[in-house]
Every structure is written in C-alpha cells, then in structure tokens.
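One structure is given below, encoded as structure tokens.
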Amino acid sequence: MITSSENQYIELYNEARQMIFDHAPESMNAMRDQAFEDFRKQGFPTKKVERYKYTDIQKLFEPDYGVNLSRLQIPVDPYEAFHCDVPNLSTSLYFVVNDMFYHDDKPKGHLPEGVIIGSMRDYPELVAKYYTKLAKTSEDGITALNTMLAQDGLLVYVPKNTKVDRAIQVINILKATPQNAQRVVPDLMVNRRVLIVLEECAEIKMLFCDHAADDRNFLATQVIEAYVGENASLDLYCMEETHHKNVRLSNVYIDQQANSRVNHNVITLHNGITRNKLDLTFSGEGAECQCYGCVIADKQQHVDNNTLIVHKVPHCNSQELYKYVLDDKSVGAFAGRVLVEHGAQKTTSQMTNQNLTATKEARMYTQPMLEIYADDVKCAHGSTVGQLNDAALFYMRQRGISLQEAKLLLQNAFINEVIDHMELEPLRDRLHYLVEKRFRGELNKCSGCKLCK
Amino acid sequence: MLEVKNLHAKIGDKEILKGIDLVINDGETHAIMGPNGSGKSTLSAVLVGNPLYEVTEGEAYFNGKNLLEMKPEDRAHEGLFLSFQYPVEIPGVSMTNFMKAAINEKRKYQGLEPMNAAEFLKLQREKRKIVELDSKLANRSVNEGFSGGEKKRNEIFQMAMLEPKLSILDETDSGLDVDAMRIVAEGVNKLQTSETSCIVITHYDRLLEMIKPQFVHVLYKGRIVKTGGPELAVQIQEHGYDWIKEEIGEE
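For the protein sequence lines, the chains are S and A, in the order given. Just so we're aligned, residue 1 is where the first sequence starts under the UniProt record's numbering, counting upward by one. Just so we're aligned, residue 1 is where the second sequence starts under the UniProt record's numbering, counting upward by one.
Below, the structure written as structure tokens:
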C-alpha cells in the first residue's frame, strides 16, 4: 500500500528526475528508472513483512527530509570538523561527507598497484559491471529507494593476488549545516552507496565509522555490495556512534566465492534508530564467514539487526554472535536466518544471540531461525535474554566493589566476548576503552557532535 | 569488634534467625556449628548484607558502627569479609581486574589514591604464596573453571589481599581434601593478628583443630543454644547434636 511516506519520494522523483540524472554518473543512472519502478510497486516494507516486523519503516520516512539532489557541496573540512573516536589506527583515512566521497590531497599511505578507493563517479566500467547485481531493487523497498536516489558512492576494488596491509578507515560524516550558517537548514536524508570488489586472492580490511556532526535530524540509507572472489578475504567493520536524532537503515549484501573468508562486525555504540540488514550468500565451496554484532543501547534507542545467510553450496562454515545490552527503555531486535539449500552438504553453522536487559522497560525481540534442506550438516542456533547475575553482583559488593561498578564490570565482560573476537587489533583495544566509557555514561554522544557540546 | 543483639531475619516469609546474641572481641576466633538448616549461613549472609534476607528485629554493631544500615560494599570497606560457601563464577571478569577494583574501591573509601600497577602485582604475588595459589589463575575469569579446592583457596587469597578486620569463613572446609584444608587453615592462621577476629562456620572439628577457636557456639533453629570452649566441637564430633537437643528439652 502506498502511503504519504512513499508518495513524498514518488513525487520527488517525478519532479526532480532530470536533476538527479544531471548530477549523477551514467553508470548509476542506468539502474535508476528500474529502481523507481520497483520502489513504486513495493513501497516501504510494512511490519507485516517478515524481515521488517520489528521496525516500523514507513513511519521513519514520514517526516519531511531534505535531499541534496543538486549535489551542493557543504563546505566542510572533515579533518577539522571531526575527530573520530577510533584514531591512530594507522589506517588510511577517507571521508564520506553525507553521501559524497570527499576528495582531498592528503597522503593516504601507499596503496598497492591497481587498488582503487574512490568515488564511483570516476570508475564507470567497474560500476557498470557490478552495481545492483547483489542489491536487487525488486526485493527490498529501501534498497530500491537508495538506488533511485543515490548519486555517488564509494568504490573499493582490489585486484587479483593483492593484499592491502593497512586497514582502510572510512568515516561517514553527517552534516546538514555549513560552518557559520546563517539560516536554519532542513533535516537531511542521505543515500550512501558502497561497492566492494575483491578479485581472486585479494585481501582488505575496511572500517566504517558513522558519525553525526551536527544536531539536525538525519536519515541515512546505506547499501553496501561486496563481491568476495575465490580465496579472497574481507574484513568489514561497521561502527555507529551517532546521536538520538539519527536514523540509520543499512542493507549489506555479500557474495562469497570458493574458499573465501569474510569477517563482518557491526557495532552500535550510540544511536537513535538503527536497522542493519545483512544478506550473505555462499556461492563457492569451502568459504567461511564470521558475523559479530554488539549493541549498547539506552534511553529510547532502537537497534534491529537482521541477518540472512544462504548456504547454496557444500562445505561452508558460518558463525554468528550478536550481543546486546539494553538499558532504560531501549528496544533491541535480532532476527537471524540460516538457509541451507538442497545439496549444501557438510555445512557447519552456529548462530548465537545473547542479551542483557538492565531494566524492566527495556525490550528485546530475538528470533534465531534455521532452515535446512540438506541431510548431512551441523547447525546450531540459540538465544538468551536475561538480567545481570544477582549472585555475582553480591559477590563483588562483598569484596567492596560498589553496585554501579559491579554492574559495569559484568556488562563489560558480557560485551567483551564479542570484541575479543575482532581481528583488527588496534580497533579491539580502542573498543574495549570505548565500551567502558559508554557504560560509564561518558559517551552519551559522538565526540564531534554539536548536540552535546 | 562485633556485637549482635536479638537478631531476627527472614527470607521470603520464612523466619530463619530467631534472636541471635553474639559478642566477638578483637583477636578472638569463634566457631559456629549446628545441624543443617539451623541458620548458620543465613547469619553470615545477614551480617554481610545479602539483599535476599530481611532483618526484622535486632541490632548489629561493627566496631561501634551500625552494620545493618550500611550497604554491603561499605561493610566490606569497614573490614568485614565473607569467604563464601559457594564462591560465584564471574565469566569475563579476570581475577586481576576484580581484585584491582576491590582494592582500589577500598582505598577510595579510605581516602587513598589508587594503587599503582607495580605495587598491586607485587602485593598479589606475595599474597598468593600464602595459599599456594597458581599464578595462572590471575588471568582467568573469577572462579571460572577453578577446582573446588582452588575456589576455596582463592577465597582466602582475597581475604589476604583485603586484610579484613573480621572474617567469616562459611564452610570453607567443605569439599576440601586434607592437604588443601591444611593450606587453607595455615593461610587463615597467618592472617590472624591480635586486632583481627574470625568466625568459622563448619560441620567438622578437623578444621577447628587447625584454626583453634576460643569459643564454640551451637546454632539450632535460629538461636544460639549452647556456647563452650574447643572441647564442645569434639563432643559434637563424637556424639552428634541429639544430646544438645535433649538438654534444651527437645527430641
């Protein structure tokens, strides 16, 4: 059913189609009308759609957001405006301001020959070859909307047999107000796009950090498509540290060829409303993936992680561990589905979701699902929702540790199980620190954000 | 040190302590014995402030301070320590971090600066020797994967680290082999001074042969029904509790 939420964007597209096309590369425009048709057919997913039952998407799109279709540059020096909380990672640092790749001439550290990290505008052939092949606009209304409006994106390409040693850090900055702005600017919607292509035996580690750099309401849709070739290796970390006026809707699509490995981590440290969807498909035998998520939420925050892992072929291994700590009136949801298709023998799979609710008002919805059509597989799934262990709390208090500190130690220990799995070592150390700060209430904001200054 | 008057306590609707009177002076060691379910563990839990129990009547003073008004952590800071009958496993919290937090919170309470890392490690090393605790345990999660003996020795190690004024050992000897019991008892004895006191809750006189109490109390149905010297423990070991029940007019 088409409601006013959808109509806004249908009308916008009809009126501004030419402007969108004029300010976007041809390779992206090629898919645009089809995406629009698909969006008009589907609309936004309602809560009756199985994979969207825990987040009311239509409602999130009801407000009137501004969309920067004419691609006005918001003059900002991200190095000045913003200091990421994960500094000194000895990463190669890139910025995406709203949904625009930020070109600068700062030294990036040496990238091996043939490796591309840049704007999708500059590489039409690669984009034409891979764009929207995984993120099918006919299957998800948000992906359709993103594809119909996205005008720029980040392209990551690693050629055959190439290993990028230094981690690549991409900071997504949301900023509606130019520095020294005289007038009130509208709330902003951005449509981010990322395309990652790893050829055979390629290797790269990516870290995306989401931040909001001013106090407007933001709605960010994001579609990441990642092709992971034979024997290739991808680490994909996504960390969100935004504010309570932020809505993040992220759809990640990953395709894994034979003997490839993927390590995907989603960390929600501070947010407003967040929905992360992951669709991962094993297309080649012998591949493995590890998907980890950790969520720390309080106040009215809402975090919904939804995963689908499809074992199409035999001999693949998938591991999932998602942990939530929910305080105050926050709401968490985890729905994970592992689909083992007919013939995908010798599949191994483990899905675990564990949650702590610190108050009576906090809510957790958890739904681990296994669907198996092969008869020689080893799959397990489980989920728990519980409170802090009273006996442990009292034991610590008897040793002189205050109730507050004891809670903190337990919550930290709970989340650390996820963080300890992270292979990007500097990030792991940094996260231990950030998580502790977060639990202490010293991280009620992202550090660059105007809201809390 | 400790003065308990007419202490009543319940868990849920069930009254367990029905008027305990107990005075412990500096430097004294008291044993508390009694049949199962007589309220021994409840008494220790109430003294350290376990929120599961509710005090309905009576008073308890610890070095002149009203114990029952204090939070459990403050009772600990004042120098009260309980060696748990069942030490709790805390997955994900390392022994070292746990001990560091405990020591530094106590120092904060006393108005002292946190202990620096080198000092802390040195202290930890020294105290571990007292109960012959393996240094590998320091990096493990609190009590997780510890054997029964290691858990109990770990309790005494914590006692050594925190240097309490009054220690309550709640069946610290249960589940220990003779050698481990000797290590635990010797550890406790090493920590005893003329200014510290100890309450030993036990079913057996074996531990009491090693930790020599001056007083032995028999707790029965929530009251202290008999008090004597160390010989009382021996009599109980030989004859059980029936003769005491008879004495107080019960079958």
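Glycine is no exception: its CB is placed at the ideal position from the N, C-alpha and C atoms. As the structure is a prediction and not an experimental result, all values here were calculated from the model.
Reference residue i; option with closest CA among the options
i                      : options                                : result
S:Ala362               : S:His381, S:Asp327, S:Gly382, S:His342 : S:Asp327
A:Pro87                : A:Arg75, A:Ser147, A:Lys65             : A:Ser147
S:Val385               : S:Val331, S:Lys48, S:Leu234            : S:Val331
S:Cys201               : S:Val164, S:His103, S:Gln222, S:Val170 : S:Val164
S:Asp33                : S:Gly43, S:Phe44, S:Phe21, S:Gln42     : S:Phe21
S:Tyr324               : S:Asn68, S:Val194, S:Leu269, S:Val223  : S:Leu269
S:Phe414               : S:Met396, S:Val435, S:Tyr395           : S:Val435
S:Val247               : S:Glu139, S:Pro63, S:Ile10, S:Lys129   : S:Pro63
S:Gly141               : S:Leu249, S:Asp77, S:Pro186, S:Asp104  : S:Leu249
S:Glu230               : S:Asn161, S:Val194, S:Cys209           : S:Asn161
S:Asn191               : S:Val223, S:Val185, S:Phe208           : S:Val223
residue 516 of chain S : S:Pro124, S:Ala380, S:Lys53            : For chain S, the structure presents residues 1 to 453; residue 516 of chain S sits outside this window and is missing.
A:Thr196               : A:Asp13, A:Gly145, A:Leu7, A:Asn25     : A:Asn25
S:Asp420               : S:Thr359, S:Gly293, S:Met19, S:Glu442  : S:Gly293
S:His244               : S:Thr274, S:Ser260, S:Ser233           : S:Thr274
A:His203               : A:Asn66, A:Thr29, A:Ala160, A:Asn36    : A:Asn36
A:Asp21                : A:Tyr61, A:Tyr53, A:Leu52              : A:Tyr61
A:Gly39                : A:His30, A:Gly19, A:Gly27, A:Ile90     : A:Gly19
A:Lys10                : A:His30, A:Val46, A:Glu3, A:Thr29      : A:Val46
S:Lys312               : S:Asp77, S:Gln8, S:His302, S:Glu285    : S:Glu285
S:Leu234               : S:Thr177, S:Val76, S:Leu424            : S:Leu424
Supposed close pair residue i, residue j - CB separation, criterion 8 Å
i        : j        : result
S:Val127 : S:Met206 : No, S:Val127 and S:Met206 are not in contact; Cβ-Cβ is about 18 Å, not under 8 Å.
S:Asp236 : S:Val262 : Note that residue 236 of chain S is Leu in the sequence shown, not Asp. The pair is a contact, with the Cβ atoms about 7 Å apart (cut-off 8 Å).
A:Met1   : A:Leu176 : Not confirmed; about 27 Å, so no contact.
A:Ile199 : A:Ile16  : 17 Å between Cβ atoms; not a contact.
S:Leu174 : S:Ala144 : So it is not a contact: roughly 22 Å between Cβ atoms.
S:Leu356 : S:Leu408 : Their Cβ separation, rounded to whole angstroms, is 12 Å, which puts S:Leu356 and S:Leu408 out of contact at 8 Å.
A:Val48  : S:Gln290 : A:Val48 to S:Gln290, Cβ: 43 Å. No contact.
Listed by chain order, chain A residues near residue i by CB distance under 7 Å
i                      : result
S:Ala392               : Val88, Ile90
S:Ile401               : Glu73, Ala101, Ala102, Glu105
S:Glu320               : In chain order: nothing, as chain A lies at least about 19 Å away.
S:Glu285               : Chain A residues near S:Glu285: none, gap ~36 Å exceeds 7 Å.
residue 454 of chain S : Beyond the ends of chain S as shown, which are 1 and 453, falls residue 454 of chain S; an answer cannot be given.
Neighbour-count burial assignment, residue i, 16 or more Cβ in a 10 Å radius
i        : result
S:His110 : exposed
A:Asp173 : buried
A:Val23  : exposed
A:Ser44  : buried
S:Ile267 : buried
S:Asp99  : buried
A:Gln110 : exposed
S:Thr242 : buried
S:Ile2   : exposed
A:Lys151 : buried
S:Cys449 : Only weak support exists for where S:Cys449 lies, its pLDDT of 43 falling under 50; the value from the coordinates is given anyway. Per the 10 Å Cβ criterion, buried.
A:His217 : buried
A:Lys127 : buried
S:Asp210 : buried
S:Lys378 : exposed
A:Pro213 : buried
Within chain A, partners of residue i - CB distance below 9 Å
i        : result
S:Phe439 : Per Cβ cutoff of 9 Å: no residues; S:Phe439 is ~13 Å from chain A at best.
S:Leu409 : Ile90, Gly92, Val93, Asn97, Phe98, Ala101
Within chain S, partners of residue i - CB distance below 7 Å
i       : result
A:Val48 : Gln398
A:Leu82 : Gln398
Residue i: contacting residues in chain A (beta-carbon distance under 8 Å)
i        : result
S:Glu405 : Ala101, Glu105
S:Glu417 : Gly92
S:Ala413 : Ile90, Pro91, Gly92, Val93, Ser141
S:Tyr292 : Neighbours of S:Tyr292 on chain A: none; closest Cβ ~15 Å, over 8 Å.
Listed by chain order, chain S residues near residue i by CB distance under 9 Å
i        : result
A:Leu162 : Arg399, Gly400
A:Gln158 : Arg399
A:Pro35  : Simply none; closest approach about 25 Å.
A:Pro213 : Going along chain S, no residue has its Cβ under 9 Å from A:Pro213, so there is no contact; the nearest lies around 23 Å.
Chain-ordered chain S contacts of residue i [CB-CB under 8 Å]
i        : result
A:Pro230 : Per Cβ cutoff of 8 Å: no residues; A:Pro230 is ~29 Å from chain S at best.
A:Pro114 : Going along chain S, no residue has its Cβ under 8 Å from A:Pro114, so there is no contact; the nearest lies around 13 Å.
Does the stretch 113 to 120 of chain S come into contact with the stretch 151 to 159 of chain S, if we say contact requires no fewer than three beta-carbon pairs (one atom in each stretch) closer than 8 Å?
yes
| Contact set between the stretch 65 to 76 of chain A and chain B, restricted to residues whose Cβ is under 9 Å from the partner | Judged by its chain identifiers, the structure shown contains no chain B, and its protein chains are S and A.
**Asked** Using 8 Å as the Cβ pair cut-off and three pairs as the minimum, do the stretch 88 to 106 of chain A and the stretch 50 to 66 of chain A touch?
**Response** no
Do three or more CB pairs link the stretch 217 to 229 of chain A to the stretch 70 to 77 of chain A at distances below 8 Å? no
* Asked: Does the pairing of the stretch 335 to 345 of chain S with the stretch 362 to 373 of chain S give three or more beta-carbon distances under 8 Å?
  -> yes
Decide if the stretch 313 to 320 of chain S is in contact with the stretch 341 to 355 of chain S; the criterion is three or more beta carbon pairs, one per stretch, under 8 Å apart. yes
With contact counted as at least three CB pairs below 8 Å, one residue from each stretch, are the stretch 127 to 136 of chain A and the stretch 152 to 161 of chain A in contact? yes
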